Amino acid sequence: MPDVWIAFSSADRRRYWWRNGIVTVALAGVTVAVGLTTRAPGRWWWVGGFSVFSVVIFFSTINAIYGRALLTSTGVEFRTFVGRRSIPWSEVAGIERRQRVLRSGIWWDLRIIRVRGRSLTIPGTFTNRMMDAELERKQAVIHERWSRAAGG
């Protein structure tokens, strides 16, 4: 059984890059506005704080866009810019589709529920489309691999 990659398509990556660019420009605008309007001697703390916050948001979004998961016969391997993590199928108790309601809209992603420990979001699986066929396909592939590894 060949290994399967779970990741965003190039069209999805491009779309999320645009969103990331818009958010980055908006945060840069807020940073400049704070720097120009705050008259207190501590304004550079505010500018520095907004700048650090903007950089963290930018890089966490890039990490999410390029993160992917490799499904093997032995388990799932998460690969992101900041690290790699392997989870054997024996530690997986379930795969769930999670919905999060934010100010920017409703987002869905897939999570691995582990037998022990906290659940983990699978890289390359978040979307804001209500009925996303690609997310459902990814969930079906992961369920199939998990059930084969579990022996039934």
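So in this note's numbering, the last one in the sequence shown is 206, and the numbering has no gaps at all. Think of the CB as a built atom: it goes at the ideal place given N, C-alpha and C, for glycine as much as any other residue. None of these values were measured; they are calculated from a predicted model.
- With the rule of 3 Cβ pairs closer than 8 Å, the segment 110-117 does not count as touching the segment 144-163.
- With fewer than 16 other CB atoms across the displayed protein chains lying within 10 angstroms of its CB, V84 is exposed.
- Beta-bridge analysis with DSSP links T175 to R165.
- V86 carries a helical assignment under DSSP once its states are collapsed to helix, strand and coil.
- The alpha carbon of I167 has as its nearest neighbour, out of T126, R151, T179, the alpha carbon of R151.
- The Cβ atoms of A94 and T179 do not sit closer than 9 Å to each other.
- Counting only residues of its own chain and dropping the five nearest sequence neighbours on each side, V77 has a CB closer than 7 Å to the CB of I111.
- When secondary structure is reduced to three states using DSSP, S114 falls in the helix class.
- At a Cβ-Cβ threshold of 9 Å, P177 and G121 count as neighbours.
- DSSP, reduced to helix, strand and coil, places R73 within a helical segment of the structure shown.
- Comparing alpha-carbon positions, the option among A80, V146, W72, G89 lying closest to I119 turns out to be W72.
- Taking the Cα positions, I141 is about 31 Å away from F107.
- Looking only at D163, T175, W99, V79, the smallest Cα-Cα distance to A187 is reached by D163.
- By the C-beta density criterion, V146 is buried, having at least 16 other C-beta atoms within 10 angstroms.
- L81 and F62 have their C-alpha atoms roughly 25 Å apart.
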